[in-house]
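**Student:** Quick one: structure below, then a few questions.
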Amino acid sequence: MHNRFYIRTGYFLFSLLFPSKAYGKENFPKDRALIVANHYSAIDPAYIYKFTKRDLFFLCKKEALKNKIARRFLIEAGAISVDRDANDVRALMNAMKVLKEGKKLVIFPEGTRNKTGEELQELKSGAGLIAVRTKTPVVPVMFLKHPKIFRRSYMIVGKPFELKEFYDKKLTKEDYETIDNIIREKMIETRAELAAKRKEKKKCR
1 MHNRFYIRTG YFLFSLLFPS KAYGKENFPK DRALIVANHY SAIDPAYIYK
51 FTKRDLFFLC KKEALKNKIA RRFLIEAGAI SVDRDANDVR ALMNAMKVLK
101 EGKKLVIFPE GTRNKTGEEL QELKSGAGLI AVRTKTPVVP VMFLKHPKIF
151 RRSYMIVGKP FELKEFYDKK LTKEDYETID NIIREKMIET RAELAAKRKE
201 KKKCR
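Start counting the sequence shown at 1; every next residue gets the next number (my numbering).
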């Protein structure tokens with residue numbers, strides 16, 4: 001398991017520096033799940049880990065693993081290295097293996113941190129392919145804003161959904177585009193739900 005002492009210590013300190021609140025935690029499945037999240041910061045995986053802490057792995061760009069200290073921490077925290085500039089078949093196989101073993105996998109399908117000001121960038125292909133091939137429920141997890149130290153961050157766990165209509169069939173390019181659009185729409189809907197919850201909370205103050 002990758003829950004080592006210094007991993008737990010690191011997340012304890014993280015919680016002090018970056019307080020957070022999560023809505024919909026009950027939507028995290030107990031069994032395997034493909035978690036798709038929007039991406040504002042390098043510490044986004046830490047927020048998700050904080051509210052799951054069970055059999056969690058995530059795809060991580062290979063550049064983040066170049067530093068020896070960061071590499072050791074990330075690998076033991078569940079990072080799976082992926083080369084974004086190549087057709088990384090090995091990373092794909094490792095990702096599917098994690099899910100087939102009943103664990104949870106986090107993917108940031110935007111592919112890079114969102115600095116555009118848009119609520120969600122265009123999604124890179126991959127998440128839908130993995131979900132369909134492994135027949136795994138997809139769980140959208142969305143952050144409201146870019147995190148800041150000592151400022152409470154908010155995230156929401158959306159309801160799991162499956163892409164059953166695409167199981168066990170030979171998929172075309174158009175099918176994959178449709179799958180990516182479904183995932184994107186679910187992510188946007190989930191973030192809108194979070195924004196509405198925070199707006200309602202402010203009205204009640």
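From the three backbone atoms N, C-alpha and C, an ideal C-beta is built for every residue, glycine too.
Owing to the predicted nature of the structure, the values given are computational and were not obtained by experimental measurement.
(1) Mind reading off the beta-carbon distance from Tyr154 to Lys21? Whole number of angstroms is fine, and I expect it under 8 Å.
(2) Of the choices Phe12, Leu120, Phe18 and Asn114, whose alpha-carbon is the least far from that of Ala192?
(3) Is it true that the CB of Ile80 sits closer than 8 Å to the CB of Asn94?
(4) Under the three-state reduction of DSSP, which class applies to Ala195: helix, strand or coil?
(5) Could you compute how far the alpha carbon of Glu110 sits from the alpha carbon of Cys204?
(6) What is the residue span of the beta strand (DSSP E) that Lys61 lies within?
(7) Out of His39, Lys148, Gly126 and Met96, which one is the CA nearest neighbour of Asn181?
(8) How long is the line joining the alpha carbons of Arg198 and Phe161, rounded to whole angstroms?
(9) Mind pulling the alpha helix (DSSP H) runs of 4 or more residues that sit fully within the region 89-123?
(10) So what's Met1 in DSSP terms, helix, strand or just coil?
(11) Is the CB-CB distance between Arg43 and Pro147 below 8 Å?
(12) Taking Lys50 as part of the alpha helix (DSSP H), name the residues at either end of that continuous run.
(13) For Leu129, report the span of its beta strand (DSSP E) as first-last.
(14) With distance defined between alpha-carbon atoms, name the residue in Glu26, Lys169, Ser41 and Val157 nearest to Lys115.
(15) Between the C-alpha atoms of Ser15 and Lys145, what's the straight-line distance to the nearest angstrom?
(16) Sorted by chain position, which residues of the same chain lie with C-beta nearer than 8 Å to Ile48's C-beta, five sequence neighbours on each side aside?
(17) Assign Ile182 to one of three DSSP states: helix, strand, or coil.
(18) Under 6 Å Cβ to Cβ from Glu189, same chain only, skipping five residues before and after it: list those, please.
(19) Sorted by chain position, which residues of the same chain lie with C-beta nearer than 7 Å to Ile179's C-beta, five sequence neighbours on each side aside?
(20) I'd like to confirm the pairing. Which residues does DSSP put opposite Met142 in its beta bridges?
(21) Using DSSP bridges, identify the partner residues of Lys30.
**Tutor:** Looking at the coordinates:
(1) Along the sequence shown, one-based indexing puts residue 154 at 154. Along the sequence shown, one-based indexing puts residue 21 at 21. So it is a contact: roughly 6 Å between Cβ atoms.
(2) Translated into positions along the sequence shown, residue 192 becomes position 192. Of the listed residues, the one whose Cα sits closest to Ala192 is Leu120.
(3) The residue given as residue 94 occupies position 94 in the sequence shown. The residue given as residue 80 occupies position 80 in the sequence shown. Yes.
(4) The residue labelled residue 195 in the question sits at position 195 within the sequence shown. Note: Ala195 maps to helix in three-state DSSP.
(5) As a position in the sequence shown, residue 110 is number 110, starting the count at 1. As a position in the sequence shown, residue 204 is number 204, starting the count at 1. Each residue's alpha carbon lies about 34 Å from the other.
(6) One-based indexing of the sequence shown puts residue 61 at position 61. Leu56 to Lys61 is the extent of the beta strand (DSSP E) around Lys61.
(7) Walking along the sequence shown from the start, residue 181 turns up at place 181. Answer by Cα proximity: Gly126.
(8) In the sequence shown, the residue the question calls residue 198 occupies position 198. In the sequence shown, the residue the question calls residue 161 occupies position 161. Going by the C-alpha atoms only, they are around 24 Å apart.
(9) 89-100
(10) Sequence index remark: in the sequence shown, residue 1 carries index 1 (1-based). Low confidence applies here, because Met1 scores a pLDDT of 44, under 50, leaving its location unreliable; read the following figure in that light. Coil, per DSSP.
(11) Stepping through the sequence shown from its first residue, residue 43 is reached at position 43. Stepping through the sequence shown from its first residue, residue 147 is reached at position 147. In the sequence as displayed, the identity of residue 43 is Ile instead of Arg. The answer is yes: Cβ separation under 8 Å.
(12) If you number the sequence shown from 1, residue 50 lands on position 50. It spans Asp44 to Lys50 - the alpha helix (DSSP H) in which Lys50 sits, taken as one unbroken run.
(13) Start at 1 with the first residue of the sequence shown, and residue 129 comes out as number 129. Note, Leu129: premise wrong, no beta strand (DSSP E); alpha helix (DSSP H) at Ala127 to Thr134.
(14) For the purposes of this step, residue 115 is taken as residue 115 along the sequence shown, with counting starting at 1. Answer by Cα proximity: Ser41.
(15) Position 15 of the sequence shown holds residue 15. Position 145 of the sequence shown holds residue 145. Distance between the alpha carbons of Ser15 and Lys145: 17 Å.
(16) Counting from 1 along the sequence shown, the entry for residue 48 is found at position 48. For Ile48, where only same-chain residues beyond five positions count, the Cβ hits under 8 Å are Ile35, Ala37, Leu56, Phe58, Val106, Val141 and Met155.
(17) Stepping through the sequence shown from its first residue, residue 182 is reached at position 182. Ile182 falls in the helix class under three-state DSSP.
(18) As a working note, residue 189 is residue 189 in the sequence shown. Hits under 6 Å: none found.
(19) To locate residue 179, count along the sequence shown from 1; it is residue 179. If we look at Ile179 and ignore the five residues flanking it on each side, its Cβ neighbours are Gly128, Val132, Leu163 and Phe166.
(20) In the sequence shown, the residue the question calls residue 142 occupies position 142. Per DSSP, Ile156.
(21) Within the sequence shown, numbered from 1, the residue matching residue 30 stands at position 30. Looking at the DSSP assignment, Lys30 forms no beta bridge with any residue, so it has no partner.
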